[in-house]
Every structure is written in C-alpha cells, then in structure tokens.
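Engineer: Start counting the sequence shown at 191; every next residue gets the next number (my numbering).
For glycine and all other residues, C-beta sits at the position ideal for the given N, C-alpha and C.
Let me give you the structure first, and then I'll get to my questions.
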Amino acid sequence: MKKVITYGTFDLLHIGHINILKRAREMGDYLIVALSTDSFNKTKKKKAYYSYDDRKIILESVRYVDQVIPEKTWKQKIKDIQTYDIDLLVMGDDWKGVFDFLKPYCDVIYLPRTRHISTSKIKDDLYEGWQQ
191 MKKVITYGTF
201 DLLHIGHINI
211 LKRAREMGDY
221 LIVALSTDSF
231 NKTKKKKAYY
241 SYDDRKIILE
251 SVRYVDQVIP
261 EKTWKQKIKD
271 IQTYDIDLLV
281 MGDDWKGVFD
291 FLKPYCDVIY
301 LPRTRHISTS
311 KIKDDLYEGW
321 QQ
C-alpha cells in the first residue's frame, strides 16, 4: 500500500483544496491529511474561520481523504513520515523546495496550485463585497 501525506489549514474548503486532495490520493492508496491545529495556526499568525474540530469533520467527509491527523508544529513531519510509514509527501508548488529535506525519508512532490483561487482570495473578495 502506498501512503501519501499532505499538510495544511484547509479553511474555507474550495476547489483548489479538492483538486490537491484528489491528485494526492491518485498518487497512492491511502491519503493522510495533517491538519494545522488552531494553536499551531496562532504561531503562524494565521486565523482560520472554522475551528480545528470543524475543519477535521469537513476533511473527513471528502472522499479522497482516508485519515486526518493534527499538525501541531513545523518539526513533526519526519516523525509523521516514520510513524505512518509514508511513501510520498504532496504539497502545493507555492512550497516548492521547502520540504526537500524530507527526501531521505519519502518522495516529495509539489503540485501546481489551482489558478485564481485561494482561501486568502475568498476572504479578500468577501471583505471587498461587504465594503461596497
């Protein structure tokens, strides 16, 4: 069985998220999503609209996702790869090169992001709409 992992906040789930989850799952037999916890997001100065628990339930409802685990720190990736016997780490290409240090532990692939969509763009678009 080929196991794949990806990491992210996955707030305001959108087509870009679905695309990366689908493509990541197609690269293996089992997809684990390491979901950033609320406390970890605070350390990244990132605020999610939905709580960790709600984002976890939403992700668990996506058919491409087999398991959701908490991402609590930047440094847990090697341990996750070893603990869950991961064969492949998949990330969006906005992270290109950042996780190459994991190549001794598993394959690393950076997938192109879906153009013209991001959680930040959704939030910005909604904010602009409220300003008018």
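1) What first and last residue would you give for the alpha helix (DSSP H) that runs through Y242?
2) Let me know if M191 comes out buried or exposed under the rule of 16 or more other beta-carbons within 10 Å of its beta-carbon.
3) If you draw a straight line from the C-alpha of G354 to the C-alpha of A224, how long is it?
4) Taking a contact to mean a Cβ-Cβ separation below 9 Å, would you say F289 touches K267 in this structure?
5) Is DSSP giving A238 helix, strand or coil here?
6) Three-state secondary structure (DSSP) at L203?
7) For the pair the region 196-216 and the region 234-245, tell me if three or more CB-CB distances fall below 8 Å.
8) I want to see whether chain B comes within less than 9 Å of R245, judged by CB atoms only; does it?
9) Using the rule of at least 16 other Cβ atoms within 10 Å of the residue's Cβ for burial, across every protein chain shown, is S229 buried or exposed?
10) Are the CB atoms of L221 and K193 nearer to each other than 9 Å?
11) Put T273 into one of helix, strand or coil per three-state DSSP.
Structural biologist: Looking at the coordinates:
1) The sequence position of residue 242 within the sequence shown is 52, counting from 1. Y242 to E250 is the extent of the alpha helix (DSSP H) around Y242.
2) Residue mapping note: residue 191 aligns to position 1 of the sequence shown, counting from 1. Exposed: under 16 other Cβ atoms inside 10 Å.
3) Within the shown structure, residues of the chain are numbered from 191 to 322, placing residue 354 beyond reach of any answer.
4) In the sequence shown, residue 289 corresponds to position 99, counting from 1. In the sequence shown, residue 267 corresponds to position 77, counting from 1. Against a cut-off of 9 Å, the Cβ pair of K267 and F289 comes out as a contact.
5) Your numbering for residue 238 matches position 48 in the sequence shown. Coil, per DSSP.
6) Mapped onto the sequence shown, residue 203 falls at position 13. Looking at L203 - three-state DSSP - the assignment turns out to be coil, as it is neither helix nor strand.
7) yes
8) In summary, chain B is missing from the structure at hand, where a single protein chain is found.
9) Here residue 229 refers to the residue found at position 39 when the sequence shown is read from its first residue. The residue in question, S229, is exposed, as its Cβ has fewer than 16 Cβ neighbours within 10 Å.
10) Numbered from its first residue, the sequence shown carries residue 221 at position 31. Numbered from its first residue, the sequence shown carries residue 193 at position 3. Yes; because the gap between Cβ atoms is below 9 Å, this pair is in contact.
11) Stepping through the sequence shown from its first residue, residue 273 is reached at position 83. Looking at T273 - three-state DSSP - the assignment turns out to be helix.
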